[in-house]
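Worksheet: one structure, shown below.
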Amino acid sequence: MAEAAAGHGNGVSSRESEAGAGWACTQVGAFAALRPDDRGFTWLNAATLWRSRNEILAGLFGDPSGEVRARWVAEQEARGADPEFRIRPPVGESFDFLLLGDTGEGDASQYAVVPPMLKAGAGTAFAVIASDVIYPTGSGNEYGAKFFRPYQDYDAPIYAIPGNHDWYDGLGGFMRVFCAAPPLKPQPDRGLRGLLWRKPETIDETRLAEARALRGRPSQQAAQPGPYWAIETGSLLIVGVDTGIKNVIDPGQTAWLRRVSRDPRPKILVTGKPIYVNNAYKPSQLAEGGTIDDIVRDPAHRYVAAVGGDVHNYQRYPVRVGDRVIQYLVSGGGGAFMHATHTIDRVDVAGVAEDDFRCYPLRGDSLSFYSQLYARRLRMPWMCLQPREAACIMAEQIGNKPVRTPDGPVEITARMRWAARLLGSWPWPLRLPVGKVNHRFLSELSDWDTPPFFKHFLHASVTPRELTLRCLAVTGCLAQELEPPVEDEVRIDLS
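Put into structure tokens, the structure is as follows:
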């Protein structure tokens, strides 16, 4: 069904050299001139964390996303939206599109993606953002610097599905920008959740109109019916699903998804939460029972791939389901700070072997990135691991050869092993925050604004017979900005 190759794009990839990974960055890319200012986005701010409190409240007192989503959908249908939430772009049976995930920090790591995205995206029919369009709380007042400005020169429509951060504003900003929806009438939410819950911001319509003008060309306009949708083309359906805050699909959306999935065309699922991630199986729960993967795996539905955001790196798991292979991808490296890959154990989930698994950044580059970051911020230079050292440590831990062959022999010392333990490459009770578990409070320390960034986006090429998905790397260095490297490529038979 599918075959994979990596490292054969225009630019040299991280699988081939340290320079391809951005470690030998002699010149920073032109992205710096695109930023509205030099201020970086940071989570290390009490006000930012307080604004994001709905994530914790949803876990403690229940997630209202499903109920609120049903109200948004009802309002959209009352305003004349297609009840099947279909999008029909003017494309033929062969076309290209882009897919980005977790974009909206508005700082250097987001703007670094823009020049290579524009280069690779020339001639693409549209783009899709999978999860977390705007950090920290999805406010409609922040779309100027974090959506309209960075993508003002992308000359095609952009569609999106919301992530958990977009839901911290009750989805108000998202629905106003992508669906032209007026605010919902407030409903009382009694109890402690209602008392503490962050209410949606009032959108400054003048400010939003000025931001919209940045993407005001007719070729850029996108008519999106709701927070979930199906992009219909002659060769492929792209099905976007809204997973809310706590990754549960409400009954109305589930019923819609089952109807859409009965269409005979092959399909890609785009979802706010990945199904396979970090060597684990985490499918979205359906409110009526079962999981979203039950729908994806049904052979009658013809899903060939499922792409999820939320986790800020790239991963691919080719899972055999009966007599076919479904490609499960994580694609959340569109702008937010990097989540580690070196904490991913040797892959053994769902029959996927380590040699069949792909990730970006490579585990060794991830370990070196975090070692340099903490060595600098904790003023502990002994923790610093060079990329070639980190690559050999990870190869020893995983039990394979280094993906990128180091130049000359590398002696792994006790110092290196202690640094790797503290950074989470081996099971160890004392670990610095590098993984998703500590994301809520501590891993924001991993946000930095200088290359290499290890961001990425996906370029998809569709024909009636084949879908090609390419992971294009973004380092922030001029060399990779001019020639975006292909870190992974998979070709999927659609016939």
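The sequence shown begins at 1 in the UniProt record's numbering and counts up by one. For every residue, glycine included, the Cβ atom is placed at its ideal position computed from N, Cα and C.
What whole-angstrom Cβ distance do G92 and D132 have, given they're in contact under 8 Å?
Contact between G92 and D132 fails: their C-beta atoms lie close to 32 Å from each other, not under 8 Å.
What are the boundary residues of the alpha helix (DSSP H) that F369 is part of?
It spans 363 to 377 - the alpha helix (DSSP H) in which F369 sits, taken as one unbroken run.
Please return the same chain residues whose Cβ sits closer than 6 Å to the Cβ of G20, not counting the five positions on each side in sequence.
V12, S13, S14, P485
Three or more C-beta pairs closer than 8 Å, one from the region 327 to 341 and one from the region 98 to 110: is that the case here?
yes
State buried or exposed for D294, treating a residue as buried only when at least 16 other CB atoms are found within 10 Å of its CB.
exposed
Per DSSP, Q315 is paired with what?
V330, C359
Restricting to runs no shorter than 4 residues, where is the alpha helix (DSSP H) found entirely within the region 203 to 234?
Listed in chain order, the alpha helix (DSSP H) runs fully inside the region 203 to 234 are 205 to 212, counting runs of at least 4 residues.
According to DSSP, residues forming a beta bridge with Q27:
Answer by DSSP bridge pairing: none, since Q27 is not bridged.
Applying the criterion that 16 or more other CB atoms from any shown protein chain within 10 Å of the CB defines a buried residue, is D310 buried or exposed?
buried
F174 vs R215 beta-carbon contact at 8 Å:
In this structure, R215 does not lie closer than 8 Å to F174 by Cβ.
Going by Cα to Cα distance, which pick from A300, P90, G351 is closest to Y317?
G351
Where the alpha helix (DSSP H) through F97 begins and ends:
Not the alpha helix (DSSP H): F97 falls in the beta strand (DSSP E), residues 95 to 100.
Give a yes or no on whether the C-beta atoms belonging to Q397 and S368 are separated by under 8 Å.
no
In chain order, what residues of the same chain have a beta carbon less than 6 Å from the beta carbon of residue 512, not counting five sequence neighbours either side?
Past the boundaries of the shown model lies residue 512; the chain is included only from 1 to 495, so the question cannot be answered.
Residue range of the beta strand (DSSP E) that residue 532 falls in?
Examination of residue 532 is not possible in this model, given that the chain is present from 1 through 495 alone.
Residues in its own chain within less than 6 Å of Q27 by CB, not counting five upstream and five downstream?
L478, listed in sequence order.
Can you name the residues that DSSP bridges to V474?
Answer by DSSP bridge pairing, in chain order: K455.
In the DSSP output, what is E466 paired with across the bridge?
D493
Go through its chain and collect everything with a Cβ distance to I344's Cβ below 6 Å, but skip five positions before and after it.
Within the same chain, N278, N279 come within 6 Å of I344 by CB-CB distance, once the 5 residues on both sides are set aside.
Nearest neighbour of A33, chosen from G80, D107, F97, G121 [CA to CA]
That would be D107, whose Cα lies nearest to the Cα of A33.
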